[in-house]
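Offset between the sequence shown (1-based) and the numbering used here: plus 49.
Notes follow the structure.
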Amino acid sequence: MSFLVEVDWRELWGADGDSVESLGAVYTKPAVVDFILDLAGYSPEARRLRDFPLLEPSCGDGAFVDSVIERLVRSELHFAGTVEWGDPRLAKSIQAADISHKSILAVRKRVGSQLVGFGCPPDQAEELTSQWFVQADFLLESWNRKFSFVIGNPPYIRIECIPKRVLSRYRHLYSTTTDRADLYVAFMERGLELLDEGGTLGFICANRFVKNQYGAALRALIARHFRVNYYINLEHSQPFVEDVSAYPAIFIIGNTGRERPTLAATLSGEVEPLLKEARPELLGNAPLKLFQSFDSWYPDGSPWISTCKGKIAEIKTLEERFPNLEDSGPGTRVGIGVATGADSVFVLDKPIPEIESDRLLPLIMAADVSNDTLRFSGHHLINPFNDDGSLVDLSDYPGLGTYLTSQGNQLRNRHVAKVRPNSWYRTIDRIWPEWVGAEKLLIPDIQGTATIGFDRGEYYPHHNLYWIRSSSWPLLALKTILRSTFVYNQIKAYSVQMRGGALRYQAQTLRRVRLPLVASLTSSILDALALVSTSEDQRLIDEVSEGAFAAGP
C-alpha cells in the first residue's frame, strides 16, 4: 500500500508546527518497555541493531527510545567493539515521531545528553537527534521506507477529540478505522504496513479492538497477513507511569510466514512482578504456567474471546449446539433505550405540570432496575412525536411548545438538529409509545453481576438500558437463564471488561449469547425457570438453567 500525503499535516490540523500539543499521551513504565523490546527481538547481542531500523510512531517523552538507544550502543560495542558515530547506517537505525513540537525538542535535548554520555561528540549527537526525532503526524507522513521494528505506545485519544477534517483523512487512508474505532487502531494498521519482511510490531495499547465490532477490520487484517507472536492482556494491571483506565494489552505481531505458536495470557496484579514471572516462560525454557500456546490464533479474524483454551472450547461448543438469543424463539428481539441527544431537556426528574400529560412517558432508569423488582424513580420522557413518527405541531401543545422553545439554543446546537433544522426539537431516536405497554426484560449496560429486571408493561427504557422482548419466550423463564453462570461466562467472553471487572451487556454482546430453543423446553422446565427468576441463590439458578441447556437445543 502506498500512502501519498497531498497536503502538509499541519494544514489539516489547522495549526502551525509549534502549537500542536501531544494528544492522549500516556507514558509506559521502563520495565514494560524493556519487556516489549525483548519480546520483539530487539536484542543487542542477538543481532547488530544498526542494520535493523526501528520506528517509534509516538515517542512522547522518549520512554521507549531511551531504552532503544541504550541497546543500539550496546549492540555496536558487542559487534564492533566501538561506536562509529558518523556511520550513516547509524543515522538511519532509529526514526521517532511525535505530533508535539515541544515533545520533540525535549526528547532531542535529553537524548543528546545521553549520547554524549556514551562518548558521542556533541555536534554529532545534535546531528543524530535531528535525524532520529521528527515532528510529524505518524498517520499522515510518507515515510518512504520499511522498518524491521515498529515499537511503541500509540496515543490514547477518542475520535471525538480529533478535528473532523483530520479524522476524515484518516478514514480515507486507513480501512480499519470503521465505526467508532479509536486512533490506536489506525496506528496499528499503519505500523503493520510499514514492517519490512520478517519485521515485528510491538505495541502496548488498548485491547478494545480484540472483541469490539469496530475492531473487526483490524482483526481480519492481522489474521490474513500477519502472525500474532504474543498477546498479553493487562486490562487489570497498570503498566503506565500514571494511573489511567486504558485497558491495555501487549501485542507482538510479526510480518512473517514462518509458523510459530502464539503465546497468550491474561495477567492481573502489579505489573513488574508479573513480567518478572512471565519472562522465563516467554524468553527462556521454563514450562508454561501463566501462558498457553496456540498453534492457530483466531485465523478467521473473529473476536479474541479468551486466552484460555478451555474457555474457548466451551464457547465454541455452545456456538455449535445452540442458536443465538434472537434465533432462540420467534419474535425475540434485543434493543436499546432511547437516545435523546439532550437528556437535560427531554428527561425530567418528575413531570412538569405545564407540559401536556400525553406528551410524557414514564421512564425507567438503570438505577431503578434490580433482579427482584423495578423501583421507579419518577423520571419522565418528553415525547415530541405523533404515533406515526412525525413531530407534533407545537402550536397544538402550548405547554410543551413553551418549554422546548425555552431550551431552543441547546436543542438547535445538536448535530441531529443541524442536519434537519425544521426538526430541531426531535430526539435522536424516534420514540415508540407502544413500548411502554409491552412486557420486556431490562438489562443495565455496565454491571459486575447479571442484574436483569422485568417490566410487565409500564415503562419506557432509558438509553443506559438494553431491552429484550419476545412473542415466544416466557420472559421470567428467559430472565433466569440470562442470569445463569452459563450465560455470564458467554458475556464475559464476548464483552470487553471495564475497570474493576464490570462487563458491558451491549446489544452486540447479547445477540451473540447462545441459548436453548424455547420450543425444545417443556412447560415444566419453563415453569421451574420462571419460579426462580428473582432468586439470589446462584446455585439454584444454575441448577435449573443447566436442565434447560441439557434439554436443548
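Don't be surprised by glycine CBs; every beta carbon is placed ideally from N, CA and C.
Just so you know, these numbers come straight off a predicted model, no measurement behind them.
Cβ neighbours of VAL593 in the same chain (closer than 7 Å, five flanking residues each side left out)
THR529, ALA577, LEU578 and VAL581.
Next on the checklist: On the CB-based measure, 16 or more other CB atoms within 10 Å of its CB, does PRO171 come out buried or exposed?
Outcome noted: Exposed, since its Cβ has fewer than 16 Cβ neighbours within 10 Å.
ask   = Under the rule that 16 or more other beta-carbon atoms within 10 Å means buried, what is LEU188, buried or exposed?
value = Buried, by the Cβ-count rule.
Which same chain residues end up closer than 7 Å to ILE495 when comparing Cβ atoms and leaving out the 5 residues on each side of it in sequence?
Once the five neighbours on either side are set aside, the close Cβ partners of ILE495 are MET547, ALA551 and ARG553.
At which residues does the beta strand (DSSP E) containing ARG463 begin and terminate?
-> The continuous stretches of beta strand (DSSP E) do not include ARG463, and DSSP gives it neither H nor E.
Tell me whether the beta-carbon of PRO79 lies closer than 8 Å to the beta-carbon of SER116.
For PRO79 and SER116, yes; Cβs fall inside 8 Å.
**Prompt:** Roughly how many angstroms separate the alpha carbons of SER584 and SER520, rounded to a whole number?
**Reply:** Each residue's Cα considered, the two are about 24 Å apart.
| query | Which one of ILE153, PHE198 and ILE361 has the shortest CA to CA distance from GLN180? | reply | Answer by Cα proximity: ILE153.
Practice item. Quickly, what does DSSP pair ASN373 with across the bridge? List them, please. Key: Under the DSSP definition of a beta bridge, ASN373 partners with ARG563.
Task: Residue nearest to HIS274 in terms of C-alpha spacing, selected from PRO348, PHE113 and VAL536 - done: Per the Cα distances, PRO348.
Skipping 5 residues on each side, what residues in its chain have a beta carbon closer than 7 Å to that of GLU238? For GLU238, where only same-chain residues beyond five positions count, the Cβ hits under 7 Å are TYR223, THR225, LEU267 and LEU270.
*asked:* Just verifying my parser: in three-state terms, what is the DSSP assignment at ILE105?
replied: Going by the sequence as given, residue 105 is Glu instead of Ile. Of the three classes helix, strand and coil, the one that applies to GLU105 here is strand, per DSSP.
> Taking the runs of the beta strand (DSSP E) that are 3 residues or longer, which of them lie wholly in the region 232-261?
Replying inline: DSSP runs (the beta strand (DSSP E)) wholly in the region 232-261: 244-255.
Could you work out which residue in LYS325, VAL536, LEU283 and PHE258 is closest to GLU363 when comparing CA atoms only? GLU363 has its Cα closest to that of VAL536, out of LYS325, VAL536, LEU283 and PHE258.
For a test of your reading of the model: does the CB of ALA298 fall under 7 Å from any non-hydrogen atom of the ligand PLP? Yes or no.
Here there are no bound small molecules, and the ligand PLP is not part of this structure.
Considering only the alpha carbon of each residue, which of ASN432, GLY457 and ARG475 lies closest to VAL485?
In this structure, ASN432 is the residue among ASN432, GLY457 and ARG475 with its C-alpha nearest to the C-alpha of VAL485.
query = Taking all protein chains shown into account, do 16 or more other C-beta atoms lie within 10 angstroms of the C-beta of GLN144, making it buried, or fewer, making it exposed?
reply = Label assigned to GLN144: buried.
Q: Pull up the distance between the alpha-carbon of GLU175 and that of PHE340, whole angstroms please.
A: When only Cα atoms are considered, GLU175 and PHE340 end up about 44 Å apart.
- Measure from the alpha carbon of VAL441 to the alpha carbon of each residue in ARG475, LEU564, SER572 and LYS260, then state which is nearest. That would be ARG475, whose Cα lies nearest to the Cα of VAL441.
| message | Between ILE299 and ILE253, how many whole angstroms is the CB-CB distance? I'm expecting something under 8 Å. | response | Cβ atoms of ILE299 and ILE253 come within 8 Å of each other, at about 5 Å.
- Would you mind listing the alpha helix (DSSP H) stretches within the region 459-527 that are 4+ residues and don't spill past its ends, in chain order? Listed in chain order, they are 464-468.
Which value, in whole angstroms, describes the spacing of the CA atoms of ALA335 and PRO329? Rounded to whole angstroms, the separation of the alpha carbons of PRO329 and ALA335 is 5 Å.
How would you call PRO447, buried or exposed, if buried means at least 16 neighbouring beta carbons within 10 angstroms? Flag for PRO447 reads exposed.
With DSSP run on the structure shown, which of helix, strand or coil describes LEU126?
Residue state for LEU126 is assigned as helix, using DSSP reduced to three classes.
So, for TRP164: in the same chain, excluding its five sequence neighbours on each side, which residues have a beta-carbon less than 6 Å away from its beta-carbon? Contrary to the premise, residue 164 reads as Leu rather than Trp in this sequence. ALA174, listed in sequence order.
| message | Taking the beta carbon of LYS489 as the centre, do at least 16 other beta carbons fall within 10 Å, making it buried, or is it exposed? | response | Under this definition LYS489 is a buried residue.
(message) Please classify ALA599 as buried or exposed, where buried requires at least 16 neighbouring CB atoms within 10 angstroms.
(response) Exposed, since its Cβ has fewer than 16 Cβ neighbours within 10 Å.
- Can you list, in chain order, the stretches of the beta strand (DSSP E) that have 3 or more residues and sit fully within the region 329-384? 341-343, all fully within the region 329-384.
Next on the checklist: Less than 6 Å between C-beta atoms, sequence neighbours within five positions excluded: which residues of the same chain meet that for HIS511?
Outcome noted: Within the same chain, GLY386, LEU412 and MET414 come within 6 Å of HIS511 by CB-CB distance, once the 5 residues on both sides are set aside.
Checklist line | Three-state class that DSSP yields for ASP591 in the structure shown | finding: Residue state, collapsed to three classes: helix.
**Report entry** Selection from LEU453, LEU337, LEU564 and GLY161 that minimises the alpha carbon distance to GLU405
**Finding:** When each option's Cα is compared against that of GLU405, the closest is LEU453.
Identify every residue that forms a DSSP beta bridge with ARG553.
For ARG553, DSSP records a beta bridge to ILE495.
Check your understanding: From LEU86 to GLY251, what does the alpha carbon distance come to, in whole angstroms?
Key -> Computed Cα separation, rounded: 7 Å.
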